[in-house]
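Student: Numbering (my numbering), first residue to last: 71 to 443.
Just so you know, even glycine gets a beta-carbon here, dropped at the ideal spot from N, CA and C.
The structure follows.
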Amino acid sequence: MGVAGAFFQAYGEQPAGIWHAPGRVNLIGEHTDYNDGFVLPFAVPWGVTAAVRPREDLTVRIASLQMPGEEQALDDLDRAEGWARYPAGVIRVMRGAGLPVRGADIMIDGDVPTGAGLSSSAALEVSVGLALSDLHGLGLEPMELARLCQKAENEFVGMPCGIMDQAASALGREGHALFLDCRSLASRAVPFDLSAYGLQILVIDTGVHHELADGQYARRRQDCENAAKHLGVASLREVTDLAGALSRLSGDERARTQHVVTENHRVEAVIGLLRAGAVQEIGALLNASHLSLRDQYQVSCPELDVAVESAVRGGARGARMTGGGFGGSAIALVADDRVDRVRTTVERAYAERGWAPPTFLPATPSPGARRVH
Ligand code: GLA
71 MGVAGAFFQA YGEQPAGIWH APGRVNLIGE HTDYNDGFVL PFAVPWGVTA
121 AVRPREDLTV RIASLQMPGE EQALDDLDRA EGWARYPAGV IRVMRGAGLP
171 VRGADIMIDG DVPTGAGLSS SAALEVSVGL ALSDLHGLGL EPMELARLCQ
221 KAENEFVGMP CGIMDQAASA LGREGHALFL DCRSLASRAV PFDLSAYGLQ
271 ILVIDTGVHH ELADGQYARR RQDCENAAKH LGVASLREVT DLAGALSRLS
321 GDERARTQHV VTENHRVEAV IGLLRAGAVQ EIGALLNASH LSLRDQYQVS
371 CPELDVAVES AVRGGARGAR MTGGGFGGSA IALVADDRVD RVRTTVERAY
421 AERGWAPPTF LPATPSPGAR RVH
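Right, dumping it as structure tokens:
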């Protein structure tokens with residue numbers, strides 16, 4: 071059943087409209103967003119579709135085609151549980167910002183593979199946020215919407231994420247990646263039409279999610295803030311003399327700083343190569359990003375490392391983990407005629423270790439959040 075039919079069945083009326091917001095893949099610029107740095111994600115073909123109808127009262131009713139039996143009717147948004155905390159958080163933050171957002175009936179239909187690290191939560195937040203902005207005539211700019219959604223995740227869900235995922239979902243453009251300066255929030259769509267070069271980005275979903283992820287994310291953020299404080303800068307983005315900075319730091323703070331500063335440079339290098347039309351050459355930078363995340367930032371895991379190493383061995387131009395880490399997905403830049411070989415090489419490497427096979431998904435840069443009906 072489609073989302074409109076499910077809406078009618080649940081609430082006995084037609085939705086006022088249907089909105090879609092995508093998940094994202096991050097091409098490069100990992101763990102840089104909360105350091106005021108650079109990121110280069112793109113929106114993926116998978117996302118969340120929300121059918122919504124505003125209500126006169128303040129009640130929010132919410133259900134999902136993927137979560138039968140978990141529908142919630144909330145007079146008090148603080149009561150939201152599980153996945154419903156994301157949209158409930160967005161509504162609460164909108165109201166908190168003084169926006170005239172009342173109740174709503176909401177039906178969700180999502181096709182972002184869950185746990186794959188492709189930002190299904192940002193897609194959920196942005197789809198509902200955009201629906202309410204449109205329905206109440208708020209005219210929120212995409213970046214304002216992204217910030218409200220990030221705030222909802224920070225304050226309501228308790229995940230101290232940066233702005234990247236929500237911005238990619240809200241501002242993504244077909245055939246483009248999104249270059250975002252997370253300090254100024256200035257953004258630019260960068261042409262990223264892989265098919266013209268006979269290339270594709272293959273997502274390798276490891277199927278694992280290591281539970282330590284959330285606590286470790288907050289700890290990495292803390293390491294970075296401590297390092298910035300030691301260096302007397304507002305954020306690691308401000309470090310220009312890397313060698314000098316490293317000589318003043320030790321241990322984790324030193325390693326995290328090395329990653330963040332070099333990763334920002336890698337983003338700029340990728341932008342330069344894309345502008346020059348040297349798309350294949352970005353592969354080496356993807357590889358370097360992965361090694362830095364594995365060794366300096368320490369957010370990889372065996373399943374991601376094996377996916378990356380075996381993809382490259384199978385002929386990928388480059389590969390890296392994408393997103394927060396500790397599981398989820400890797401991405402590989404692969405020539406169209408090498409895809410089968412890359413897949414079999416990765417599958418074999420997993421089978422040799424007795425791991426369940428990963429899932430492969432070709433990810434084309436897709437449009438950002440929009441009203442679809
Ligand atoms: C998660 C967060 C993002 C970003 C990445 C790492 O996806 O939600 O804000 O920090 O991790 O780059």
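Go through its chain and collect everything with a Cβ distance to Ala-174's Cβ below 7 Å, but skip five positions before and after it.
Tutor: Your numbering for residue 174 matches position 104 in the sequence shown. Cβ within range, chain order: Val-122, Arg-123, Pro-124, Arg-125, Val-130, Leu-202.
Student: Check each residue's C-beta against every heavy atom of the ligand GLA and list, in chain order, those closer than 5 Å.
Tutor: Cβ-based neighbours of the ligand GLA within the cut-off: Glu-100, His-101, Asp-103, Cys-231, Gly-232, Met-234, Asp-235, Gly-393, Gly-394.
Student: Determine contact between the stretch 97-104 and the stretch 325-343, defined as no fewer than three beta-carbon pairs at a distance below 8 Å.
Tutor: Three or more pairs of CB atoms, one per stretch, sit closer than 8 Å, so the stretch 97-104 contacts the stretch 325-343.
Student: Report the partner residues of Ser-134 according to the DSSP bridge assignment.
Tutor: Within the sequence shown, residue 134 is the residue found at index 64, counting from 1. Answer by DSSP bridge pairing, in chain order: Ile-178.
Student: Would you please state the rounded distance, in angstroms, between the beta carbons of Ile-178 and Val-118? I believe it to be under 8 Å.
Tutor: Along the sequence shown, read from residue 1 onward, the residue named residue 178 stands at position 108. Along the sequence shown, read from residue 1 onward, the residue named residue 118 stands at position 48. Confirmed, Cβ separation roughly 6 Å.
Student: Can you tell me the Cβ-Cβ gap for Ala-216 and Ala-240, rounded? I've got them flagged as a contact below 8 Å.
Tutor: As a first step, residue 216 must be located in the sequence shown, where it is residue number 146. As a first step, residue 240 must be located in the sequence shown, where it is residue number 170. Contact flag correct, Cβ pair sits at about 4 Å.
Student: Give the single residue among Ala-405, Arg-290, Gln-236 whose Cα lies nearest to the Cα of Tyr-267.
Tutor: Numbered from its first residue, the sequence shown carries residue 267 at position 197. Closest by alpha carbon: Ala-405.
Student: Whole-angstrom Cβ separation of Gly-438 and Pro-212, contact assumed at under 8 Å?
Tutor: Reading the sequence shown from its first residue, position 368 is the one you call residue 438. Reading the sequence shown from its first residue, position 142 is the one you call residue 212. Gly-438 to Pro-212, Cβ: 7 Å. Contact.
Student: Note the first and the last residue of the continuous beta strand (DSSP E) segment covering Asp-275.
Tutor: Translated into positions along the sequence shown, residue 275 becomes position 205. Residues 269-279.
Student: Do the CB positions of Arg-387 and Gly-342 come within less than 8 Å of each other?
Tutor: Here residue 387 refers to the residue found at position 317 of the sequence shown. Here residue 342 refers to the residue found at position 272 of the sequence shown. Going by C-beta atoms, Arg-387 is not nearer than 8 Å to Gly-342.
Student: Taking contact to mean 3 or more Cβ pairs, one atom from each stretch, closer than 8 Å, check whether the stretch 412-430 and the stretch 378-386 are in contact.
Tutor: yes
Student: Looking at the secondary structure, which residues open and close the alpha helix (DSSP H) in which Ala-166 lies?
Tutor: In the sequence shown, residue 166 corresponds to position 96, counting from 1. Correcting the residue type first, residue 166 is Gly in the shown sequence and not Ala. Residues 155-166.
Student: Kindly list the residues whose CB is nearer than 8 Å to the CB of Ser-257, restricted to its own chain and excluding five residues on each side of it in sequence; keep chain order.
Tutor: Indexing the sequence shown from 1 puts residue 257 at position 187. A distance below 8 Å between beta-carbons, with the five flanking residues on each side excluded, links Ser-257 to the following residues of its chain, in chain order: Met-213, Ala-237, Leu-241, Leu-248, Phe-249, Leu-250, Asp-251.
Student: Could you pull out every residue in the same chain whose Cβ sits closer than 8 Å to the Cβ of Val-337, ignoring the five residues on either side in sequence?
Tutor: Mapped onto the sequence shown, residue 337 falls at position 267. The residues are Ile-98, Gly-99, Thr-102, Gly-107, Phe-108, Val-109, Leu-110, Phe-249.
Student: Is the Cβ-Cβ distance between Leu-218 and Val-160 less than 8 Å?
Tutor: For the purposes of this step, residue 218 is taken as residue 148 along the sequence shown, with counting starting at 1. For the purposes of this step, residue 160 is taken as residue 90 along the sequence shown, with counting starting at 1. For the 8 Å CB-CB criterion, Leu-218 and Val-160 form a contact.
Student: In whole angstroms, give me the CA-to-CA distance for Gly-137 and Arg-155.
Tutor: Here residue 137 refers to the residue found at position 67 of the sequence shown. Here residue 155 refers to the residue found at position 85 of the sequence shown. Just to set this straight, residue 137 is Met in the shown sequence, not Gly. Approximately 14 Å between the Cα atoms of the pair.
Student: Give every residue of the same chain whose Cβ lies closer than 6 Å to the Cβ of Phe-77, excluding the five residues on either side of it in the sequence, and list them in chain order.
Tutor: The sequence position of residue 77 within the sequence shown is 7, counting from 1. If we look at Phe-77 and ignore the five residues flanking it on each side, its Cβ neighbours are Pro-85, Ala-121, Met-177.
Student: Please state if the CB of Gly-87 and the CB of Arg-307 are separated by a distance shorter than 8 Å.
Tutor: Translated into the one-based positions of the sequence shown, residue 307 becomes position 237. Translated into the one-based positions of the sequence shown, residue 87 becomes position 17. Going by C-beta atoms, Arg-307 is not nearer than 8 Å to Gly-87.
Student: Assign Thr-392 to buried or exposed, taking buried as 16 or more other Cβ atoms, counted over all protein chains shown, within 10 Å of its Cβ.
Tutor: Residue numbering aside, residue 392 sits at position 322 when the sequence shown is read from its first letter. Label assigned to Thr-392: buried.
Student: Which runs of the beta strand (DSSP E), 3 residues or longer, sit entirely within the stretch 351-392?
Tutor: 388-392
Student: For Gly-139, is the classification buried or exposed, using 16 other Cβ atoms within 10 angstroms of its Cβ as the cut-off for buried?
Tutor: Translated into the one-based positions of the sequence shown, residue 139 becomes position 69. Under this definition Gly-139 is an exposed residue.
Student: State the Cα-Cα distance for the pair Ala-426 and His-280, rounded to the nearest angstrom.
Tutor: The count along the sequence shown starts at 1 and reaches residue 426 at position 356. The count along the sequence shown starts at 1 and reaches residue 280 at position 210. Cα to Cα, the separation comes out at about 15 Å.
Student: Taking the CB atoms as reference points, tell me whether Leu-431 and Val-278 lie closer together than 8 Å.
Tutor: In the sequence shown, the residue the question calls residue 431 occupies position 361. In the sequence shown, the residue the question calls residue 278 occupies position 208. Taking 8 Å as the Cβ cut-off, Leu-431 and Val-278 do not qualify as a contacting pair.
Student: Here's a check: name, in chain order, each residue in its chain whose Cβ is nearer than 6 Å to the Cβ of Arg-324, leaving out the five neighbours to either side.
Tutor: On the sequence shown, residue 324 is found 254 positions in, with the first residue counted as 1. Excluding sequence neighbours, Arg-324 sits near Leu-316.
Student: Helix, strand or coil, according to DSSP, for Leu-210 in the structure here?
Tutor: Here residue 210 refers to the residue found at position 140 of the sequence shown. DSSP places Leu-210 in coil when its eight states are reduced to three.
Student: Can you tell me where the alpha helix (DSSP H) holding Ser-191 begins and where it ends?
Tutor: Against the sequence shown, residue 191 aligns to sequence position 121. Run containing Ser-191: 190-205, per the alpha helix (DSSP H) assignment.
Student: Give the DSSP-derived three-state secondary structure of Val-122 in the structure shown.
Tutor: For this step, residue 122 is matched to residue 52 along the sequence shown. Three-state result, Val-122: strand.
Student: Round the Cβ separation of Gly-394 and Val-369 to the nearest angstrom and send it over; I've been treating them as touching at under 8 Å.
Tutor: Locating residue 394 in the sequence shown gives position 324, where the first residue counts as 1. Locating residue 369 in the sequence shown gives position 299, where the first residue counts as 1. Gly-394 to Val-369, Cβ: 7 Å. Contact.
Student: Skipping 5 residues on each side, what residues in its chain have a beta carbon closer than 7 Å to that of Leu-200?
Tutor: Indexing the sequence shown from 1 puts residue 200 at position 130. Excluding residues within five positions, the ones whose Cβ falls inside 7 Å are Trp-89, Ala-91, Leu-215, Ala-439.
Student: Nearest to Val-309 by alpha carbon, out of Ala-186, Met-234, Leu-403, Asn-334?
Tutor: Translated into positions along the sequence shown, residue 309 becomes position 239. When each option's Cα is compared against that of Val-309, the closest is Asn-334.
Student: Would Leu-444 pass as a contact of Ala-158 if the rule is Cβ separation under 8 Å?
Tutor: Lying before the first or after the last residue shown, residue 444 is absent from the chain, which here runs from 71 to 443.
Student: Can you tell me the Cα-Cα spacing of Ala-259 and Leu-344, whole angstroms?
Tutor: Translated into the one-based positions of the sequence shown, residue 259 becomes position 189. Translated into the one-based positions of the sequence shown, residue 344 becomes position 274. Roughly 12 Å between the two C-alpha positions.
Student: Can you tell me the Cβ-Cβ gap for Pro-183 and Asp-284, rounded? I've got them flagged as a contact below 8 Å.
Tutor: Residue numbering aside, residue 183 sits at position 113 when the sequence shown is read from its first letter. Residue numbering aside, residue 284 sits at position 214 when the sequence shown is read from its first letter. No, Pro-183 and Asp-284 are not in contact; Cβ-Cβ is about 19 Å, not under 8 Å.
Student: Tell me the rounded alpha-carbon separation between Gly-82 and Ser-191.
Tutor: Indexing the sequence shown from 1 puts residue 82 at position 12. Indexing the sequence shown from 1 puts residue 191 at position 121. Using only the alpha carbons, I get a separation of about 27 Å.
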